[in-house]
Every structure is written in structure tokens, then in C-alpha cells.
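Numbering (this note's numbering), first residue to last: 1450 to 1759.
Don't be surprised by glycine CBs; every beta carbon is placed ideally from N, CA and C.
Bear in mind the structure is a predicted one, so any value in this text is a computation, not a measurement.
A short worksheet on the structure shown next.
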Amino acid sequence: MDPLADLLDGVRARSAAFCRAILEPPWSMRIADGAMLALATTLRGHAWIVPDEGEPVLMHTGDVVIIKGPAPYTIGDDPATAPDTIVHPGNRLTTMDNVDITDDLRLGPRTSGHDPDGSAIVASGTYQVSGDVSERLLNALPDIVLVPRASTQAPIMELLAQEVSSDGPGQQVVLDRLLDLALIATLRAWFARPEAQAPGWYRAQSDPLIGPALRLIHDDPAHPWTVASLAEKVGASRAAFARRFATLVGEPPMTYLTGWRMALAADLLRASESTIDSVARHVGYANAFALSVAFKRVRGVSPSRHRAGV
């Protein structure tokens, strides 16, 4: 595993919500579905993504955007167009005064609008992301990521767009996996762009020394790694390895390892019934006491209080 693969594993689509909206100007929708992450593309026409804070972003035909939630935002034909529809969780649609119009606007499977021949078509899929591991990926992204059509994986997006409006056997599983592929392709295309300012752990993956070290950490976080043992594994001196790691990743090797272990532990504590002692051994600590000391130092709260939601 590499850092991106590990982080994406916690953002895998499971019964994700999908929507294809067919629209005619002037149009505008308030997105209030509470999704932590959304991926959208324009199949026809254009769309403006208008956050409550920050500058509007124009999405042309074939462009792909990733939008961080859960804060609501507006999408429309023009930033000045006032929304007349609210999109709620589960793709429930209402007017601005909360009258349900979901059935009135249904045009087909996962498809809504007033006219099937509308000049704009926007397709989207949303993730309900949770956990500290996933948070590390979200923290690396701006609120709105836009990847132009020329940089997107067109076959994946076109296939996803086709499947959104279909309703065959196993459709949800097909859509979930296509959404995952589309998200991975979009993230890779975004991080490759100069303006992305990709996080250190992403840029360092291509380094001949630090890339293998990151994979060692992610393959076996419970191993008793030291700077010396990592340096030996990748064939570098301890001092040279430590300097290069800190320069490329942005923090020393042991700080990165501890942060990754704490993220894994935090998710295990919340998502499983494993004992704290078991979680400790899983992430590289001898016992519950050792994990508690490290966890409280890094997170400011004990593992038991974290598990309780404090």
C-alpha cells in the first residue's frame, strides 16, 4: 500500500447516492445533502459551483469537480441565479419553502428535471465519509477541486454517466465501483497539476528513497520501525534519510509514523469493538498503556474517551 491507496480505502463508496439532473436556464439548486465528498461532471452545457464562502467555480462540459462537504452550496447556470430547489439527503427534492417535489421532477432512474431535452445535464455521486484516515485525505484538498476535461479519464466518466441513468441487476455495486475509479482518476489528475500544491506524502511517493519508506510504513504500521531501520531498508544513511524524508514529506519519519498510527487507532476505536489493548498491538504499541500515553499526547484525549465520542 502507498499513502494515497490507504487513504482512499477509507473513502470507498458504499451505497453512494447518485443523481442526473437535466436543466434549462435559468436554473439553480441548493445542495444540502450533508455529503462529506461529492464528485460531479457536466455532460452537457455548463454549471457554476457557488460555495457560501469563496469564489464561484465554472464547470464546462466534460470537466470534473470534487466538492468537500458537509456545508451546503449552490449549483446553477449563473452565480446570480437564485435557487428554486433544495437537494436533501437521499436525493429528496423540495422547493425553497420545503414542499416535496421529488416525484414531480422524476424523469427516470436517478434522473430528475422539468424537460428531458434540457440544455444542461449534471451528473453527480456523493460519499458519506467518516473517520480519521479519510480526514487526512480531505485535509489535503481545497473545498472545490476542478479538473478540466483534457485531464480527466473520459472513458470512466462517460461509463459512469451512462450507468447513472440505468437500472439493471447489481446497478448500485457497479455505480459504487465506477465512482471509486472516477474519484481516484480525478485525484491523481488534480495532484499532478502545478496549482494543486500536492501534499508532501503524495509528492514523496515518486522519490526512490522516500517512496519505498512510505510504502513500508503503510504496509506494516505495527512494525517497530526506527529511522535507522527504515534507512537501512531503502539503502541510505540514517542522517541522509531523515533529512530527505523531512524535506519531502514535511515532517520527520517518526512523526509521520506516529500520526499514521494514531489515525488508524482512532478509526479502530470508533468502528470496532476491539479492546484498547488489541488496537494498541494492531498499530505498533506494546499494550493499552503505551497507546494511551501516545494517543493522549497527540490527540489530547485518551483512547477510551475518544471511543466514547468525547
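Exercise for the section: Put Val1582 into one of helix, strand or coil per three-state DSSP. Expected result: The sequence position of residue 1582 within the sequence shown is 133, counting from 1. Looking at Val1582 - three-state DSSP - the assignment turns out to be helix.
Handout entry: Whole-number beta carbon distance between Ala1465 and Gly1574, since they are thought to touch under 8 Å
Key = Taking the first residue of the sequence shown as 1, we reach residue 1574 at position 125. Taking the first residue of the sequence shown as 1, we reach residue 1465 at position 16. About 5 Å separates the two Cβ atoms, so the contact holds.
Problem - Distance, Ala1489 Cα to Ile1570 Cα - result: Counting from one through the sequence shown, the residue named residue 1570 turns up at place 121. Counting from one through the sequence shown, the residue named residue 1489 turns up at place 40. Taking the straight line from one Cα to the other gives about 11 Å.
Practice task
Run the CB neighbour count on Met1545, radius 10 Å, all protein chains shown included, and call it buried at 16 or more, exposed below.
Solution key: Counting from 1 along the sequence shown, the entry for residue 1545 is found at position 96. Met1545 comes out exposed.
Problem - DSSP-derived helix/strand/coil call for Asp1549 - result: Working through the sequence shown from its first residue, we reach residue 1549 at position 100. Strand, per DSSP.
Practice task
Give me whichever residues DSSP pairs with Phe1467 in a beta bridge.
Solution key: What you label residue 1467 is simply residue 18 of the sequence shown in a count that begins at 1. Phe1467 is bridged to Gly1574.
Exercise for the section: Output yes or no for whether 9 Å exceeds the beta carbon distance between Arg1693 and Ile1659. Expected result: On the sequence shown, position 244 is the one that residue 1693 refers to. On the sequence shown, position 210 is the one that residue 1659 refers to. Taking 9 Å as the Cβ cut-off, Arg1693 and Ile1659 qualify as a contacting pair.
Exercise for the section: Give the straight-line distance between the Cα atoms of Ser1834 and Ala1662, rounded to the nearest whole angstrom. Expected result: There is simply no residue 1834 to check, as the chain begins at 1450 and stops at 1759 in what is shown.
Handout entry: Arg1746, buried or exposed, once every other Cβ within 10 Å from all chains shown has been counted against 16
Key = One-based indexing of the sequence shown puts residue 1746 at position 297. Per the 10 Å Cβ criterion, exposed.
Problem - Pick from Ser1655, Ser1568 and His1495 that is closest to Gly1511, judged by C-alpha positions - result: Residue 1511 sits at position 62 when you count from the first residue of the sequence shown. For Gly1511, the nearest C-alpha among the options comes from His1495.
Exercise for the section: Mind the definition here: the region 1518–1526 touches the region 1606–1620 only if three or more C-beta pairs lie below 8 Å; say whether that holds. Expected result: no
Handout entry: Which listed residue (Val1582, Leu1740, Val1536 and Ile1593) has its alpha carbon closest to that of Pro1504
Key = Working through the sequence shown from its first residue, we reach residue 1504 at position 55. The identity of residue 1504 in the sequence shown is Glu, whereas the question assumes Pro. Here the closest residue by C-alpha is Ile1593.
Problem - DSSP-derived helix/strand/coil call for Arg1493 - result: Start at 1 with the first residue of the sequence shown, and residue 1493 comes out as number 44. Arg1493: strand per DSSP, three-state reduction.
Practice task
With DSSP as the reference, please indicate the residues paired to Thr1544 in a beta bridge.
Solution key: Indexing the sequence shown from 1 puts residue 1544 at position 95. DSSP, once it has assigned bridges, lists Thr1534 as partnering Thr1544.
Problem - Whole alpha helix (DSSP H) elements within the region 1611–1640, 4-residue minimum - result: Runs of the alpha helix (DSSP H) spanning 4 or more residues and lying entirely within the region 1611–1640 occur at 1620–1640, in chain order.
Practice task
Between the Cα of Thr1635 and those of Thr1601, Asp1616 and Val1759, spot the shortest distance and give me the residue it belongs to.
Solution key: As a first step, residue 1635 is located in the sequence shown; it is residue number 186 there, counting from the start. If we check each option's Cα against that of Thr1635, Thr1601 comes out closest.
Exercise for the section: Can you have a look at Phe1744 and say buried or exposed, based on whether 16 or more other CB atoms are within 10 angstroms of its CB? Expected result: Here residue 1744 corresponds to residue number 295 of the sequence shown, with the count starting at 1. Counting Cβ neighbours within 10 Å, Phe1744 comes out buried, since at least 16 surround it.
Handout entry: Beta-bridge partners of Lys1682, as assigned by DSSP
Key = Indexing the sequence shown from 1 puts residue 1682 at position 233. Looking at the DSSP assignment, Lys1682 forms no beta bridge with any residue, so it has no partner.
Problem - Other residues of its chain near Met1478: CB distance less than 6 Å, five sequence neighbours each side excluded - result: Stepping through the sequence shown from its first residue, residue 1478 is reached at position 29. The residues are Ile1524, Pro1532, Thr1534 and Val1536.
Exercise for the section: Report yes or no: do three or more beta-carbon pairs, one from the region 1466–1473 and one from the region 1556–1564, lie closer than 8 Å? Expected result: Judged by Cβ distances under 8 Å, the region 1466–1473 makes contact with the region 1556–1564, as three or more pairs qualify.
Practice task
Give me the Cα-Cα distance between Ala1739 and Asp1726, rounded to the nearest whole angstrom.
Solution key: Residue 1739 sits at position 290 when you count from the first residue of the sequence shown. Residue 1726 sits at position 277 when you count from the first residue of the sequence shown. Roughly 9 Å between the two C-alpha positions.
Problem - Which of helix, strand or coil DSSP assigns to Tyr1522 - result: As a position in the sequence shown, residue 1522 is number 73, starting the count at 1. Annotated three-state conformation of Tyr1522 is strand, per DSSP.
Practice task
Sort out for me which residues DSSP pairs Leu1486 with in a bridge.
Solution key: Position 37 of the sequence shown, counting from 1, holds the residue named residue 1486. Under DSSP, the beta-bridge partners assigned to Leu1486 are Lys1517 and Tyr1576.
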